[in-house]
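The structure under discussion appears below in the form of structure tokens.
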Amino acid sequence: MDIQNLILNYTEYNSWANNTIAGFLKSEMKQEDFTKPMGNSFSSIADTILHIWGAQEIWQKRLEGLENPPFPTMEEKNKITVLEVFEKSSQNFESFVRKGGEEMLSKEFEYKNMAGHVFFNKGWEMVHHCMNHSTFHRGQIITMSRQLGYDNLPGTDQIKFFRI
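Going from the sequence shown to the numbering used here is simple: count from 1 and add 219.
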């Protein structure tokens with residue numbers, strides 16, 4: 220498998236996994252649990268979802284060539300609204316990578332991180348990082364959900380995605 224197909228597959232997996240998590244949160248989790256402070260990397264499940272969303276948005280903007288895009292924020296913490304924005308962002312990122320193709324993935328990008336330091340990375344490295352970042356934080360969401368007493372949690376391992 221070539222790098223383009225591998226990275227596209229990773230974005231498809233990311234959309235599926237984010238949609239799976241969002242589906243669980245929409246149907247099973249109470250609003251008050253969604254926004255309950257948990258003392259994690261980000262205060263709540265809502266804040267963790269918004270962080271994944273923000274990271275997807277900023278990495279896409281960097282790949283679009285926008286210089287120094289601000290990290291997006293959303294004050295809204297309504298569960299349904301947040302999860303719909305999250306799902307849409309994942310689908311948009313997947314579509315963007317599909318449209319960008321080999322040219323975008325093999326191109327070297329110059330960008331600044333949030334601290335203002337300049338970096339150079341290939342498009343595929345940036346996409347791969349963003350998808351891996353989402354996986355890390357989905358794991359935190361599962362852990363926080365367990366801590367809140369939820370036990371019918373969805374599996375989002377990549378092998379499960381490969382099996383469908």
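A virtual CB, placed ideally from N, CA and C, is assigned to each residue, including glycine.
| Asked | Found |
| --- | --- |
| May I have a chain-ordered list of the beta strand (DSSP E) segments no shorter than 3 residues that lie completely inside the segment 342–369? | none |
| How long is the line joining the alpha carbons of Gly242 and Ser234, rounded to whole angstroms? | 12 Å |
| So Gly319 packs on Gly342, CB below 8 Å; how close in whole Å? | 7 Å |
| Would you call the segment 352–363 in contact with the segment 320–336, where contact means no fewer than 3 C-beta pairs closer than 8 Å? | no |
| Given that a residue counts as buried once 16 or more other Cβ atoms are within 10 Å of its Cβ, and exposed if not, what is Leu225? | exposed |
| According to DSSP, simplified to helix, strand and coil, what is Glu327? | strand |
| Quick one: what does DSSP say Asn233 is sitting in, helix, strand or coil? | helix |
| Take Glu306 and list the residues in its own chain whose beta-carbon comes closer than 7 Å to its own, dropping the five residues that flank it on each side. | Asn237, Asn238, Ala241 |
| Relative to the alpha-carbon of Phe381, which residue among Gln223, Thr230, Ile222, Asp221 has its alpha-carbon at the smallest distance? | Thr230 |
| So what does DSSP say about Asn297, is it helix, strand or coil? | coil |
| Mind checking who Asn340 pairs with in its DSSP beta bridge? | Phe328 |
| Within the same chain, show all residues whose beta-carbon is closer than 7 Å to that of Arg357, passing over the 5 residues directly before and after it, in chain order. | Ala236, Ile240, Thr375 |
| I think Val346 touches Val316, with their Cβ atoms under 8 Å apart; what is that distance to the nearest whole Å? | 6 Å |
| Between which two residues does the alpha helix (DSSP H) harbouring Ala274 extend? | 264–282 |
| Specify, as a first and last residue, the run of the alpha helix (DSSP H) that Lys379 falls within. | 377–382 |
| Can you tell me where the alpha helix (DSSP H) holding Glu251 begins and where it ends? | 250–253 |
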